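These protein sequence lines are chains R and C, in that order.
If you number the first sequence the way the working numbering does, the last residue is 120 and the count never jumps.
If you number the second sequence the way the working numbering does, the last residue is 1498 and the count never jumps.
These notes concern the structure reproduced below.
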Amino acid sequence: MEALLAITIGVVVAASVYLMLSGHMLRFIFGLVLISNAANLTIFVGGRMTEGAPPLIAKGADAPAGFVANALPQALVLTAIVIGFGLFAFAITLVWRAYTTIGTLQADEMRVAEPPSERT
Amino acid sequence: MSWILTLPLAIPVATAILAFLFRRQPAGRWISVAGSAALLAASVMLFVQTRDAGVLAGQMGGWAAPFGITLVADLLSAVMVLITGVIALAVSVYALADVDAAAERMGYHALFNVLIAGVAGAFLTGDLFNLYVWFEVMLIASFGLLVLRGGRAAIDGGVKYVALNLVSTILFLTGIGLIYGMTGTLNLADLSIAVEQADQGLLTVVAMAFMVAFGVKAALFPLFFWLPASYHTPHFAVSAVFAALLTKVGVYALIRMFTLVFDHDVGFTHTILLWVAVLTMITGVLGAAAQGDFRKILSFHIVSQIGYMVLGLALMTPLALVGAVFYLIHHIVVKANLFLIAGVAQRIAGSTQLKKIGGLYATAPLLAVLFIVPAFSLAGFPPLSGFWAKFLIVKASLEVEAWIVAAAALAVGLMTIYSMTKIWAAAFWSPHPEGREPVLTSLAPGERRALIWPIAGLAVITVAIGLAPDAFIAFAEDAAGQLLDPTVYVVAVLGEAR
Chain R
1 MEALLAITIG
11 VVVAASVYLM
21 LSGHMLRFIF
31 GLVLISNAAN
41 LTIFVGGRMT
51 EGAPPLIAKG
61 ADAPAGFVAN
71 ALPQALVLTA
81 IVIGFGLFAF
91 AITLVWRAYT
101 TIGTLQADEM
111 RVAEPPSERT
Chain C
1001 MSWILTLPLA
1011 IPVATAILAF
1021 LFRRQPAGRW
1031 ISVAGSAALL
1041 AASVMLFVQT
1051 RDAGVLAGQM
1061 GGWAAPFGIT
1071 LVADLLSAVM
1081 VLITGVIALA
1091 VSVYALADVD
1101 AAAERMGYHA
1111 LFNVLIAGVA
1121 GAFLTGDLFN
1131 LYVWFEVMLI
1141 ASFGLLVLRG
1151 GRAAIDGGVK
1161 YVALNLVSTI
1171 LFLTGIGLIY
1181 GMTGTLNLAD
1191 LSIAVEQADQ
1201 GLLTVVAMAF
1211 MVAFGVKAAL
1221 FPLFFWLPAS
1231 YHTPHFAVSA
1241 VFAALLTKVG
1251 VYALIRMFTL
1261 VFDHDVGFTH
1271 TILLWVAVLT
1281 MITGVLGAAA
1291 QGDFRKILSF
1301 HIVSQIGYMV
1311 LGLALMTPLA
1321 LVGAVFYLIH
1331 HIVVKANLFL
1341 IAGVAQRIAG
1351 STQLKKIGGL
1361 YATAPLLAVL
1371 FIVPAFSLAG
1381 FPPLSGFWAK
1391 FLIVKASLEV
1401 EAWIVAAAAL
1411 AVGLMTIYSM
1421 TKIWAAAFWS
1431 PHPEGREPVL
1441 TSLAPGERRA
1451 LIWPIAGLAV
1461 ITVAIGLAPD
1471 AFIAFAEDAA
1481 GQLLDPTVYV
1491 VAVLGEAR
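As structure tokens, this is what we get:
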């Protein structure tokens, strides 16, 4: 199971790097969304894929009895997904603003902040 | 449980909420100033307590050490929080005059305080995933601040800043996933023990992921391009707080991870850091030499100065780490001040383009004096703070007989003088090209006070560090000692049992 997920992560990363290097900001954002999912999967696999009981602690005990599933990766991935959602919502809005104010999303043509003709 | 550890996080968050509620009233900006003053007071208390105790640690939510989230203040964290408080107060006073009402209505003061909370959280956390969360808090607030001014240049710079920082964030997250998979823990103190049992080759791979992720945040060569693309576009108050704190959080994270966790293969990882640091210094200073805008020159100098700090980490000798800590403290104060001065120059002389301004020395001598202090300190003139910072780093590289590194550090210092002289000659010495006579009295008295007092205060700190370096170097020695021997840190977090 881990090997299959590792290959999946590799394919997703390859696809997103391709998108991010395409020189168009919208595709860059799509690449980012994809690669962030690959990162989340990495954390998930890092916690190991095991078959175990739900990690519930009986009343009065300090630790769960027997073999239980690892609950931490879910908590980490959930946090990362929520944060990522906020960041991408902002990033997409920003790219839209860039398209309306600058008029292009080709990375090579976005030179307003650092105009190429500026010399001293 | 040390409640003092939570204050530098709780105060800015509470201030942000209040400032957001009062964003349409003038009270909003005064809430921000009061919150920053309270943060400074809390960080002084934290600093004094840490000074006495060595390392303070607190477990959040009552969960015992490796399982819950830990807040830790060692000497480095405490001094970084203290300096964050100083900068927050200086910039929030400056913002009274610099930030327009439109930006205030959109929540400038709330975003600013969230940024400060993120920075303080990153300095105080003892948990790797929590560090990621604080990085994100800082990042999302900085996104907002960066584009708040609007305009094509700010949007364009913002896109590059956002894009590259998000890539670094994802790499950081991947690194967290990998190191968690290898060790099963994310508590920094626990990690520093757990990595000894891990596969050392794989650990180096993970270390490189962290080096690149934090390298983007810290603006290291060749990952710094987002910085000069964006730092000259927002409000001056925003530029100043970014320049002072954001890249330094990256440097802090590098220092923390590469002294506490990734010190297993110093010969490999720190040699890479060494050459990256040298190239960062050189490319930064060369980039600055090619620029003709006040803020763009200063932006490239951030890059070049980051090189010195990382050089101190890369050499990894006691003296070099002393230099790195001292450099961090010195640089934050000086760099914030230079951006604040650029803002005043733009206000009274009409531009930040050097060829469009001039005459400040003749008609605004106070500003000229206030510029000389941080500018000469940045360039490393004795007896200002930058001289001692550079002296420690160069001496440390000579001690390990790294001649090329020492020569590069000295040459970059010389080039820094060139850039500062260029600003001095164009903006201060030569007459204004349009014949204007820029004077400070052209500002309203209230504005003038809000703009000049923070600059003067930071200049006094620069001079004080320069004239009494012994106390600061002695402190940096203690902080570097804790970094080189993390036993105290680990015991404070995990308890005596280990």
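Even for Gly, the Cβ is constructed at its ideal location relative to N, Cα and C.
Quick caveat, the model's predicted, so the values are computed rather than measured.
Between C/Ser-1168 and C/Lys-1217, the C-beta gap is smaller than 8 Å, which places the two residues in contact.
Of all alpha-carbon atoms in C/Ala-1078, C/Phe-1047 and C/Leu-1279, the one lying nearest the alpha-carbon of C/Ala-1219 is that of C/Leu-1279.
Straight across, the Cα-Cα distance linking C/Gly-1466 with R/Ile-7 is about 56 Å. Exposure of R/Lys-59 is indicated by the presence of fewer than 16 other C-beta atoms within 10 angstroms of its C-beta. Going by C-alpha positions, R/Phe-30 is about 24 Å away from C/Gly-1215. Counting only the Cα atoms, C/Thr-1006 lies some 10 Å from C/Ala-1120. Within the stretch 1034-1089 of chain C, the complete beta strand (DSSP E) runs of at least 3 residues fall at 1056-1059 and 1070-1073. Here the alpha carbon of C/Val-1285 sits roughly 16 Å from the alpha carbon of C/Ala-1406. Nearest to C/Ser-1351 by alpha-carbon distance, out of C/Phe-1376, C/Val-1394 and C/Lys-1296, is C/Lys-1296. Distance from C/Phe-1371 to C/Phe-1300 at the Cβ level is roughly 18 Å; contact not present, criterion being Cβ atoms closer than 8 Å.
Only those residues of the stretch 1137-1161 of chain C whose C-beta falls short of 7 Å from the nearest C-beta of chain R are listed: Ile-1140, Phe-1143, Val-1147, Arg-1152, Ala-1153, Ile-1155, Asp-1156, Gly-1157, Gly-1158 and Val-1159. Contact between C/Leu-1313 and C/Leu-1321 holds: CB atoms are separated by about 7 Å, below the 8 Å threshold.
The residues Ile-43, Phe-44, Gly-46 and Gly-47, in chain order, have a CB closer than 7 Å to that of R/Pro-73 in the same chain once the five nearest residues on each side in sequence are set aside. Shown here for C/Ala-1459: same chain residues with a beta carbon closer than 8 Å to its own, the five before and five after excluded, namely Asn-1337, Leu-1370, Val-1373 and Pro-1374 in chain order.
For a cut-off of 8 Å, the C-beta gap from C/Phe-1326 to C/Ile-1087 is around 17 Å, too long to register as a contact. Around the C-beta of C/Asp-1156, 16 or more other C-beta atoms lie within 10 Å, and the residue is accordingly described as buried. Assignment of beta-bridge partners to R/Gln-106 by DSSP yields R/His-24.
C/Val-1099 carries a coil assignment under DSSP once its states are collapsed to helix, strand and coil. If you draw a 10 Å sphere on the C-beta of C/Lys-1335, you find 16 or more other C-beta atoms in it, and that means buried. In the three-state reduction of the DSSP assignment, C/Ala-1219 falls in the coil class.
Take the alpha-carbon of R/Leu-34 and the one of R/His-24: they are about 15 Å apart.
With a threshold of 8 Å between beta carbons, C/Leu-1166 makes contact with chain R.
A contact between stretches requires three or more CB pairs, one per stretch, nearer than 8 Å, and the stretch 1193-1212 of chain C fails this requirement with the stretch 1224-1240 of chain C.
Going by beta carbons, R/Val-13 and R/Ala-53 fall outside the 8 Å limit.
For C/Val-1241, the uninterrupted alpha helix (DSSP H) run begins and ends at 1236-1241, by DSSP. In the three-state scheme derived from DSSP, where H, G and I count as helix and E and B as strand, R/Val-77 is classed as helix.
Going by DSSP, C/His-1331 is part of the alpha helix (DSSP H) stretching over 1318-1349.
Of the residues C/Ala-1277, C/Trp-1003, C/Ala-1097 and C/Val-1079, the one whose Cα lies closest to the Cα of C/Pro-1445 is C/Ala-1097. Under the DSSP assignment, C/Tyr-1108 falls in the alpha helix (DSSP H) whose first and last residues are 1108-1124.
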